[in-house]
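A.B. asks:
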Amino acid sequence: MRRNSIIYILTTMFLVSCSMTKNIPEGEQLFVGLTKITYEDETANYPYEKHLDAMKVEMEAALATEPNGSLFGSSYYTVPWSWHLWVYNKYSGKTSGFAKWMTKTFGKPPVLMSQVNPALRASVAQSVLRNNGYFRGYVNYDIVPQKNPKKSKIGYTIHLDSLFTLDSVSHQNFPEGMKLLIDSTREESLIKSGAPFSMTNLDGERTRISTLMRNNGYYYYNPNYASYLADTFAVDNKAQLRFQLAEGLPSEALRKWYIGHIDVLFRKSFREQMTDSIKRRDLTIHYHGKRSPIRPAIVLRNLRLRPRQEFNYDRYLESTSKINATGVFSSTDFQFTPRPDTDTLDLRLTCTFDKPYDFYIEANAIGRTNGRYGPEAKIGFTKRNLFRGAEKLDINLHGAYQWQSSGGSKTSTYEYGADASIEFPRIIAPFYNSDRIRRDQNGRPRRRRFYSPPTTLAKISTDVVRRPEYYKMHVVSGEWSYRWQTSESSRHEFSPLTVKYQFKNSTTDKYEEIVGKNFYLATAMDDYFIPKMRYTYTYTSPATLRNPIRWETTIEEAGNIISLVDVACGRQFNTKNKELFKTPYSQFLRLETDLTKTWSIGTSSKLVGHLNAGIIWSYGNSEEPPFSEMFYVGGANSIRAFSVRDIGPGHFDDLEEKDRQFNYVFRNGESRFVANLEYRMPLFGNLHGAVFLDAGNVWTVNTTPFSEEEIEGADSLELLAYMLFYNKWADQSKFRISKLFDDIALGTGIGLRYDLGFLVVRVDWGIALHCPHDTGKSGYFNINRFKDAQTLNFAIGYPF
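What the sequence shown shows, in the working numbering, is residues 27 to 826, in sequence order.
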């Protein structure tokens, strides 16, 4: 029977394969992919491996051709059966409406060898060689027959020969002023003696010099005004390069230009007529109506071009970016007009407002891991330019209704709430005036500079969470925060006040019964009031770096200002559970840092290292930090061999089966350390692979076990059991240097990432190597069974 099944499957695959080529015209062949590209004379290019690797990437792009049934967009691999080609062959010749719809929607015509045109592609590939300094190189191709004579592949052979390098670089025909600028920035040049010949670098240098000129007043200069001449015969395997300015250029391109009068027009539509204006020396603001629809200072503080200054291209780009970043305008148009017989450019800036209001409705279905499903809806409203200062008001109403999908409770669950926020495109703080002009030591005006417009955010929200089996809870939060960017790499966020208040209106007997037997769960579910202050610094390497780094550090404190007020009122600092709004306020200090470093390997592979560490310390009014502020490990973005909150803290693992539903309560810690190492490589097309190694855990650092006197004084068996359990938990979860090696969980695994362009779909298969708690198996690699060591993670985006 098994043999007959195999014969049937093979026969079916053969017939389907034949059907893929039955409509191929006589004398044609179906292109089914490329063989591996072969490179000759690679050893001769050993000193210039990076240049060769970059050329190979360009060569792959030039020769890439997607066959029918391409696997993830690959030019090399195909699926055994092309659904799209089968649909095309079956329906393309038919006239029915269904057949036309199938052909248009799912069908793809066969990719024929004549359409691929390997001779033309080889010619393009040869241009790639020349553009990268392989002037004597050439490209051959072969048609590689397959078992089916109607199918064939293409094999390309790249003959590199010698690589030409730059012998000397000179600049010709430039006026004295331009020549001085070029000489003063020679260290920044992309083309230098001894470097490999590269058209990419030559074009980049021509663009760099054009930007240099335009940043120094030469408004009409453009890259096409200069060209290269290369002499490859004077010195063997070297090119003598001349970069020369073209003759007969217009005089406007060879002199500096200065900003003259500036006209700023505020329009609500393209047809709106300007009826009034405000004029100040070389600046005029035009608008329609009795007053300007936006305060002119909002635009002027972001306009980096000033009258009587040299035209500067980078300042023009910065002005465009910052004015658009206010979020008020749908378009901005800069028009520069030269005054006759002068070196002055008048600027006309037209700012067209975006629509003032936005309204949207979102609806979707949600599913929880506890088996509850239901609809979720959100209604949002946005008002731009709220107070004529580019402020943005957002108001959202949201709600969700869920029910149990099977068994268990027959009651429903609902959540609803609202939030409102106002974003100001400037810093709003006491004793701070963003418009105040400071002066340097020479008395010249100097304004505060930000890389992008700073913002102030005020936000408040309230939510009601109704769990009919257990409780009805209110969550109220508010935030006042500042965000600013001091450079391309450095971002700051400071929140002087962030408040979160959670309290339960009512609870059920079932809830009281559960928390009555589980005191730690009761502590985790307690009402809390968290008044926080937070600062976050983020450093991101410039995008041009080959091996970038990203570092983010956050420091938070909670309750200290309120505690100082309490002390001033005569209360003791270490008195616990002092209340605000009838709820004890939290008091702690929390620090977390996150570091990611990427090393590029070859053309497309990367090695990524990641470190995350954090600690939270409770004191004063709090015995322990709020549950929401504690650390945990596991899951798709942490230690992928373990599920979320599956391990820790320390080597603790002493939950009875009946209590494992509350696993998330006991798997938190006051400190965390996680280290990841991941090697990412391209597989084919848009599919990428990864091999990773993860390690880490969480620990407690500030837990105090119950004393013997407290245990002897327990007034119930439930309380006694909890005290004994807590003491064991506190002992096993505490951070100790002597136990550190064994407490670090270790996992490895492999993963796939499919890049859709706008997002990355990720699957990681984690395999545990070492578990910090006792598994019953001796030795470091202590996982009992291989099936118990596996965890499959699905996620969107990279883990770090």
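Beta carbons are placed, not taken as given, at the ideal position from N, Cα and C, and that holds for glycine.
#1: Taking DSSP as the reference, what is the three-state secondary structure of Gly-415?
#2: Kindly give me the distance between the Cβ atoms of Val-491 and Glu-441, rounded to whole angstroms, as I take these residues to be in contact under 8 Å.
#3: Judging by CA-CA distance, which residue of Trp-283, Tyr-284, Ile-285, Asp-302 is the nearest neighbour of Leu-291?
#4: Please list, in chain order, all residues of the same chain as Gly-163 whose beta carbon is under 6 Å from its beta carbon, the five residues on each side excluded.
#5: Tell me, to the nearest whole angstrom, how far the beta carbon of Gly-554 is from that of Thr-609; I am working on the premise that it is less than 8 Å.
#6: Which class does Glu-298 belong to by DSSP, given the choice of helix, strand or coil?
#7: Which same chain residues, not among the five before or five after Ser-622, have their C-beta less than 6 Å away from its C-beta?
#8: So His-110 is in the beta strand (DSSP E); what residue range does that whole segment cover?
#9: What is the rounded straight-line gap between the Cα of Gly-585 and the Cα of Phe-607?
#10: Since Leu-412 contacts Tyr-245 with CB under 8 Å, what's their CB separation in whole angstroms?
#11: Check whether the Cβ atoms of Asn-728 and Glu-696 lie closer than 8 Å to each other.
#12: Given a cut-off of 8 Å, decide if Arg-509 and Glu-495 are closer than it, judged by their beta-carbon atoms.
#13: For my contact list, Gly-777 and Gly-715 are in at a C-beta cut-off of 8 Å; report their separation, rounded to the angstrom.
#14: When you compare the stretch 665-675 with the stretch 787-798, are there three or more beta-carbon pairs, one atom per stretch, that lie closer than 8 Å?
#15: Quick test of your reading: Ser-236 and Lys-348, contact by CB under 8 Å. State the CB separation rounded to the nearest angstrom.
#16: For Trp-625, count neighbouring Cβ atoms within 10 angstroms of its own Cβ and tell me buried if that reaches 16, exposed if not.
#17: Apart from the five residues just before and just after Asp-67, which ones in its own chain have a Cβ nearer than 7 Å to its Cβ?
#18: Looking at C-beta atoms only, is the number of pairs between the stretch 515-532 and the stretch 557-566 that lie closer than 8 Å three or more?
#19: Suppose the cutoff is 8 Å on Cβ atoms and the five residues either side in sequence are ignored; what does the same chain contact list for Thr-395 look like?
#20: Please confirm if the stretch 81-98 is in contact with the stretch 137-144, defined as three or more CB-CB distances below 8 Å between the two stretches.
#21: Rounded to whole angstroms, what's the CA-CA distance from Ile-288 to Pro-333? Just pull it up for me.
#22: Relative to the C-alpha of Phe-710, which candidate in Val-691, Arg-779, Asp-720 has its C-alpha closest?
#23: Mark Tyr-458 as exposed unless 16 or more other C-beta atoms lie within 10 angstroms of its C-beta, in which case mark it buried.
#24: With hydrogens ignored, establish whether the beta-carbon of Ser-224 is closer than 7 Å to any heavy atom of the ligand MG.
#25: Buried or exposed for Ser-100, going by 16 or more other Cβ atoms inside 10 Å?
#26: Leaving out five residues before and five after Ser-521 in sequence, what residues of the same chain have Cβ atoms less than 8 Å from its Cβ?
#27: Excluding the five sequence neighbours on either side, which residues of its own chain have a C-beta within less than 6 Å of the C-beta of Tyr-806, listed in chain order?
#28: Which of the three DSSP states is assigned to Glu-744 in this structure?
#29: Go ahead and pull the three-state DSSP assignment for Pro-708.
#30: Which residues does DSSP pair with Thr-726 in a beta bridge?
#31: Could you give the uninterrupted runs of the beta strand (DSSP E) lying entirely in the stretch 260-291, keeping only those of 3 residues or more?
#32: Pick out whichever of Ile-737, Glu-704, Tyr-546 has its Cα sitting closest to the Cα of Glu-649.
#33: With burial defined as no fewer than 16 other Cβ atoms inside 10 Å of the residue's Cβ, what is the status of Gly-434: buried or exposed?
#34: For Leu-186, does the three-state DSSP call read helix, strand or coil?
#35: What residues match up with Met-749 in a beta bridge as DSSP calls it?
#36: Which residue comes first and which comes last in the beta strand (DSSP E) that contains Leu-615?
C.D. replies: Quick answer:
#1: Here Gly-415 sits in coil by DSSP.
#2: The C-beta distance from Val-491 to Glu-441 rounds to 5 Å, short enough to meet the 8 Å contact threshold.
#3: Nearest of Trp-283, Tyr-284, Ile-285, Asp-302 to Leu-291, Cα basis: Asp-302.
#4: Closer than 6 Å at Cβ, skipping near neighbours: Leu-155, His-185, Leu-186, Asp-187.
#5: It is worth fixing the name first, because residue 554 is Tyr in this sequence and not Gly. Right, the Cβ-Cβ distance comes to about 7 Å (below 8 Å), so this counts as a contact.
#6: In the structure shown, Glu-298 sits in coil (DSSP, three-state: anything other than H, G, I, E or B).
#7: According to the sequence provided, residue 622 is Thr. The question's Ser does not apply to it. Same-chain partners within the cutoff: Arg-576, His-636, Phe-826.
#8: Segment 109-117 is the alpha helix (DSSP H) holding His-110; no beta strand (DSSP E) there.
#9: Looking at the two C-alpha atoms, the distance is approximately 14 Å.
#10: In fact, because the Cβ distance is near 37 Å, the residues do not count as touching under 8 Å.
#11: Between Asn-728 and Glu-696, the CB-CB gap stays under 8 Å.
#12: With respect to Arg-509, Glu-495 sits apart: the two C-beta atoms are not nearer than 8 Å.
#13: With a beta-carbon spacing of about 7 Å, Gly-777 and Gly-715 fall inside the 8 Å limit used to define contacts.
#14: With a cut-off of 8 Å on Cβ pairs, the stretch 665-675 is in contact with the stretch 787-798, counting three or more such pairs.
#15: At roughly 23 Å, the Cβ-Cβ gap does not stay under 8 Å, so Ser-236 and Lys-348 are not in contact.
#16: Here Trp-625 is exposed. Its C-beta has fewer than 16 other C-beta atoms within 10 Å.
#17: So the qualifying residues of the chain are His-185, Leu-186, Asp-187.
#18: Touching, yes.
#19: Confidence is the limiting factor: at Thr-395 the pLDDT is only 45, short of 50, which leaves the residue's position unreliable, though a coordinate-based value still follows. Exclusion of the five residues before and after Thr-395 leaves no residue of its chain whose Cβ lies closer than 8 Å to its Cβ.
#20: Enough Cβ pairs lie closer than 8 Å, so yes.
#21: Those two C-alpha atoms are separated by around 7 Å.
#22: Closest by C-alpha distance to Phe-710, out of Val-691, Arg-779, Asp-720, is Arg-779.
#23: Result: exposed.
#24: You won't find the ligand MG in this model; it holds no ligand whatsoever.
#25: Buried is the call here.
#26: Counting only Cβ-Cβ distances below 8 Å, and skipping sequence neighbours, we find Glu-505, Trp-506, Ser-507, Tyr-508, Lys-558, Met-559, Arg-560, Tyr-561.
#27: Only His-796 meet the Cβ criterion.
#28: Three-state DSSP puts Glu-744 in a helix.
#29: Collapsing the DSSP output to three states places Pro-708 in a strand.
#30: Paired residues: Lys-760.
#31: Entirely contained in the stretch 260-291, the beta strand (DSSP E) runs reaching 3 residues are, in chain order, 264-271.
#32: It is Tyr-546 whose Cα lies nearest to the Cα of Glu-649.
#33: The predicted model places Gly-434 with a pLDDT of 49, which falls under 50 and marks its position as unreliable, so this point remains unresolved.
#34: Collapsing the DSSP output to three states places Leu-186 in coil.
#35: Residue pairing by DSSP places Met-749 opposite no residue, since no beta bridge is assigned to it.
#36: 614-627 is the span of the beta strand (DSSP E), which, as asked, contains Leu-615.
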